[in-house]
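Enquirer: Quick note on numbering: the sequence shown equals residues 7 to 229 in my numbering.
Where is the CB? At the ideal position from N, CA and C, for every residue including glycine.
Could you have a look at this structure, given as structure tokens, before my questions?
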Amino acid sequence: MKKYAISDIHGCLETFKTLLQKIEFSRQDELYLLGDYIDRGPYSKGVIDHIWQLQADGFLVKCLKGNHEQMYLDSFNGTSDWGDYHKETVDSFGVEKIWKTPERYIDWMEGLSYYFEVDEYLLVHAGFNFDEEDPLQNKEDMLWVRDWYTDINKDWLASRIIVHGHTPMEQHYIKAMADNLEKLPALDIDNGCVYDYRGFSHLTAFELRERKLYFEPRSILDT
Ligand SMILES: [Mn+2]
Numbered sequence: 007m008k009k010y011a012i013s014d015i016h017g018c019l020e021t022f023k024t025l026l027q028k029i030e031f032s033r034q035d036e037l038y039l040l041g042d043y044i045d046r047g048p049y050s051k052g053v054i055d056h057i058w059q060l061q062a063d064g065f066l067v068k069c070l071k072g073n074h075e076q077m078y079l080d081s082f083n084g085t086s087d088w089g090d091y092h093k094e095t096v097d098s099f100g101v102e103k104i105w106k107t108p109e110r111y112i113d114w115m116e117g118l119s120y121y122f123e124v125d126e127y128l129l130v131h132a133g134f135n136f137d138e139e140d141p142l143q144n145k146e147d148m149l150w151v152r153d154w155y156t157d158i159n160k161d162w163l164a165s166r167i168i169v170h171g172h173t174p175m176e177q178h179y180i181k182a183m184a185d186n187l188e189k190l191p192a193l194d195i196d197n198g199c200v201y202d203y204r205g206f207s208h209l210t211a212f213e214l215r216e217r218k219l220y221f222e223p224r225s226i227l228d229t
């Protein structure tokens, strides 16, 4: 039985499916998705549908909210205006306007969790704000925060390790972080699947128990 974390799929459905094949994801395993299912890549709706299909087929898949889901909700609800930012995502839902997005996708995004605690890990989309007395209270920062490693409160964190996405990192840096968790108890698994820069363009899975990384290059079908 293995426990995996994957983050920042960003509409890359084929890459996501291929990565699940690579790790031989089974019904005995657990999969934690750390948010940003939508935007940038072409198959935002397809990624959500595939998650639902896996769950319906008896796979254990638990999902966190990313800032992109929150942005989509804010645009849908009219509380902020991102202009045409979500155009590809809106297209993927087969509608013309964001407010026509089928309700079940909106309800799902609204109901997503902000963090999970799994064994010795805290899983979150972006990270935590350690200026807070209780970093688990600031939801906004769990979706958006960057550059927070120097603020980590090791007394509060105790023996826990934070696994997150949100900030694209080069592959060699992700590997180095995974080898250095005793010193810096944080791991960014966002290898920038949607970015065509050297060292990026991969979707990452991290197996929590053996602390093993898997990298899947972005499928040509997701470009
Ligand atoms: Mn993000």
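Out of 197, 207, 166, point me to the one whose CA is closest to residue 214's CA.
Expert: Here residue 214 refers to the residue found at position 208 when the sequence shown is read from its first residue. The residue with the shortest Cα to Cα distance from residue 214 is 166.
Enquirer: DSSP three-state label for residue 134, please.
Expert: Numbered from 1 along the sequence shown, position 128 holds the residue referred to as residue 134. Coil at residue 134, not helix or strand.
Enquirer: Quick one: grab the DSSP three-state call for residue 190.
Expert: One-based indexing of the sequence shown puts residue 190 at position 184. In the structure shown, residue 190 sits in coil (DSSP, three-state: anything other than H, G, I, E or B).
Enquirer: Have a look at 198, 149, 75, 31 and flag the residue whose alpha-carbon is nearest the alpha-carbon of residue 50.
Expert: The sequence position of residue 50 within the sequence shown is 44, counting from 1. The option with the nearest alpha carbon to residue 50 is 75.
Enquirer: Given a cut-off of 8 Å on the beta-carbon distance, is the pair residue 20 and residue 225 in contact?
Expert: Here residue 20 corresponds to residue number 14 of the sequence shown, with the count starting at 1. Here residue 225 corresponds to residue number 219 of the sequence shown, with the count starting at 1. Contact flag set, yes.
Enquirer: Less than 7 Å between C-beta atoms, sequence neighbours within five positions excluded: which residues of the same chain meet that for residue 201?
Expert: Locating residue 201 in the sequence shown gives position 195, counting from the first residue. Answer for residue 201: 174, 207, listed in chain order.
Enquirer: Compute the minimum distance between the beta carbon of residue 73 and the heavy atoms of ligand 1, and state whether it is under 7 Å.
Expert: As a first step, residue 73 is located in the sequence shown; it is residue number 67 there, counting from the start. Flag set: Cβ of residue 73 near ligand 1.
Enquirer: Give the DSSP bridge partners of residue 19, in chain order.
Expert: For the purposes of this step, residue 19 is identified with residue 13 of the sequence shown, where counting begins at 1. In DSSP, residue 19 forms no bridge with anything.
Enquirer: In whole angstroms, give me the CA-to-CA distance for residue 42 and residue 191.
Expert: On the sequence shown, residue 42 is found 36 positions in, with the first residue counted as 1. On the sequence shown, residue 191 is found 185 positions in, with the first residue counted as 1. The straight-line gap from Cα to Cα measures roughly 23 Å.
Enquirer: Does DSSP classify residue 214 as helix, strand or coil?
Expert: As a working mapping, residue 214 is identified with position 208 in the sequence shown. Residue 214: coil per DSSP, three-state reduction.
Enquirer: Using 8 Å for Cβ pairs, my map puts residue 169 next to residue 129. What's the rounded Cβ distance?
Expert: Here residue 169 is taken as the residue at index 163 of the sequence shown, counted from 1. Here residue 129 is taken as the residue at index 123 of the sequence shown, counted from 1. Going by Cβ atoms, the distance from residue 169 to residue 129 rounds to 5 Å, so yes, they are a contact pair.
Enquirer: In terms of DSSP beta bridges, what is residue 127 paired with?
Expert: For the purposes of this step, residue 127 is taken as residue 121 along the sequence shown, with counting starting at 1. Per DSSP, 124, 167.
Enquirer: Could you check what DSSP says for residue 225 in three-state terms: helix, strand or coil?
Expert: Residue numbering aside, residue 225 sits at position 219 when the sequence shown is read from its first letter. Residue 225 falls in the coil class under three-state DSSP.
Enquirer: Compare the Cα-Cα distances from residue 124 to each of 25, 86, 39, 227 and report the closest residue.
Expert: Here the question's residue 124 lines up with position 118 in the sequence shown. Ranking the options by Cα distance to residue 124, first place goes to 39.
Enquirer: Which residue marks the beginning of the alpha helix (DSSP H) containing residue 109, and which one marks its end?
Expert: Mapped onto the sequence shown, residue 109 falls at position 103. That run of the alpha helix (DSSP H) goes 109-116.
Enquirer: Hey, how far is the Cα of residue 97 from the Cα of residue 157?
Expert: Within the sequence shown, the letter at position 91 stands for residue 97. Within the sequence shown, the letter at position 151 stands for residue 157. Spanning the two alpha carbons is a distance of roughly 40 Å.
Enquirer: Mind checking who residue 69 pairs with in its DSSP beta bridge?
Expert: Within the sequence shown, the letter at position 63 stands for residue 69. Its beta-bridge partners are 39.
Enquirer: Measuring only from the beta carbon, is residue 194 closer than 7 Å to any heavy atom that is part of ligand 1?
Expert: Here residue 194 is taken as the residue at index 188 of the sequence shown, counted from 1. Flag unset: Cβ of residue 194 not near ligand 1.
Enquirer: Starting from the C-beta of residue 134, find all residues in its chain whose C-beta is less than 6 Å away, skip the five residues before and the five after it, and write them out in chain order.
Expert: For this step, residue 134 is matched to residue 128 along the sequence shown. The answer, listed in chain order, is 141.
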